[in-house]
Structures are given as structure tokens and as C-alpha cells.
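Report on the following structure.
Residue numbers (the UniProt record's numbering): 1 to 206.
Here it is in C-alpha cells:
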């Protein structure tokens, strides 16, 4: 069994990072993930509970593929909780494919940075276990290295989504600003027309 851990600080508020985590796929950095399907979603005691199936394409060395065989699409079960009041998000992912001899359990925890609430601390841990096939320990090492590599790309993907969200917010703010200007212009025009009409009516009356 191999255990891998990592910590990363995002220079963004927790709410922004969590929103990006929900919209993480698809992104150009994590092309292996090809789909996410919501199985169940519920709110209990103010905490959002979700269960999703993640579809992806795993790429192993040729010798590994000859030993275990690799289907075109592999699946993982992801269960998550989001506590908006406590500002905590936890995702737990377990592989479904290869479950008879391979176990990859991953936990991600997003929380405000303890020293700077404007930033977000990500704690990540993965436990890899391979049994019942040749070269178990070697495969565990290879999978752990792959997880580390993908974790880095995952953080890059999250930054990409955050940038996309910030761009969308700016575009919406710009659109609202332009709409407000247009409405103000229409209101001013209507007010001037009413004033002119009122003045004309008074002249006719006298």
C-alpha cells in the first residue's frame, strides 16, 4: 500500500474555489476525464451531499496493460459534502473499475487558509493498494507517481476554471452596466418628453 499526500494554496476565496471545483470538468488540462454524472444529491442539516460517477480514460505503460487489461473508459465513484456555513468542502473518490485487485482512494479537502481567509487551502491524500496480480509494489509506485502528476494538472485545471468564472463575472457586470445606462437613457428621454408635453399643455391651457 502506498499513501501520497499534498497541500496547495489557492490565492482565491473559498467560495470561488468551490464553485470552480463543481465546474472543473471539462478543462484543457485534465483531458482524461470525459464525463461526470450526478447519481444523487441531497441537503441534510444545511450540508449538500452529492454522489457522482466520474468517467475517464486511464493510460498505463504497455506492460501494465498486458497484465490487467485496460478498457477504453474507467469509472470512479465520487461522494462530496459542502458545508457553506462552515466553509468546508470534502470530496472522496474511489475507483469502480479494477475494484477486484486495485484500490485507489482519494480525499480532497478545501477550506479557508487558517492564516489568510482570503485564500483557500487544499489538502489532498491518496491511498493506493494493488493485490493479486504480478509486480504489485511496482504498480503501486507507478500509480502513485501518476496521481502526483495528475494532481498538479488538476490544480492547473482549477485555476483555468477560476479564470473562466472571473471572466464571466466581468462580462455580466459589463452587460448589467450597459443595460443600466440604456435604461437610464430611456428614462431620461421619457422624462424630457413628459416635461415637454406638460409645458405644451400648459401653453394651450392659458
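Built from N, CA and C at the ideal position, the CB exists for glycine as well.
Just so we're clear, the structure is a prediction, and the values are computed from it rather than from any experiment.
Own chain residues within Cβ distance below 8 Å of residue i, not counting five before or after
i, result
"residue 85", "46"
"residue 136", "130"
"residue 142", "60, 61 and 64"
Proximity to residue i [Cα-Cα], best of the options
i, options, result
"residue 116", "5, 2 and 9", "9"
"residue 30", "90, 82, 55 and 49", "55"
"residue 44", "171, 82 and 1", "82"
"residue 127", "95, 169, 158 and 40", "95"
"residue 58", "172, 158, 111 and 146", "146"
"residue 122", "90, 105 and 70", "90"
"residue 6", "169, 148, 167 and 171", "148"
Residue j beta carbon less than 8 Å from that of residue i
i, j, result
"residue 144", "residue 22", "no"
"residue 74", "residue 92", "no"
"residue 133", "residue 53", "no"
"residue 151", "residue 109", "no"
7 Å Cβ shell around residue i - same chain, five flanking residues per side excluded
i, result
"residue 25", "33 and 36"
Integer-rounded CB distance, given that residue j should sit under 8 Å from residue i
i, j, result
"residue 28", "residue 118", "Not a contact, Cβ separation roughly 27 Å."
"residue 51", "residue 70", "No, residue 51 and residue 70 are not in contact; Cβ-Cβ is about 25 Å, not under 8 Å."
Close-in-space but distant-in-sequence residues of the same chain around residue i (CB under 6 Å, 5 per side omitted)
i, result
"residue 174", "Caution is warranted here: a pLDDT of 49 is assigned to residue 174, below 50, making its placement in the model unreliable, and no coordinate value can be reported."
inquiry  = Below 8 Å, how does it come out for the region 14-24 and the region 144-162: are there three or more Cβ pairs, yes or no?
reply    = A contact exists between the region 14-24 and the region 144-162.
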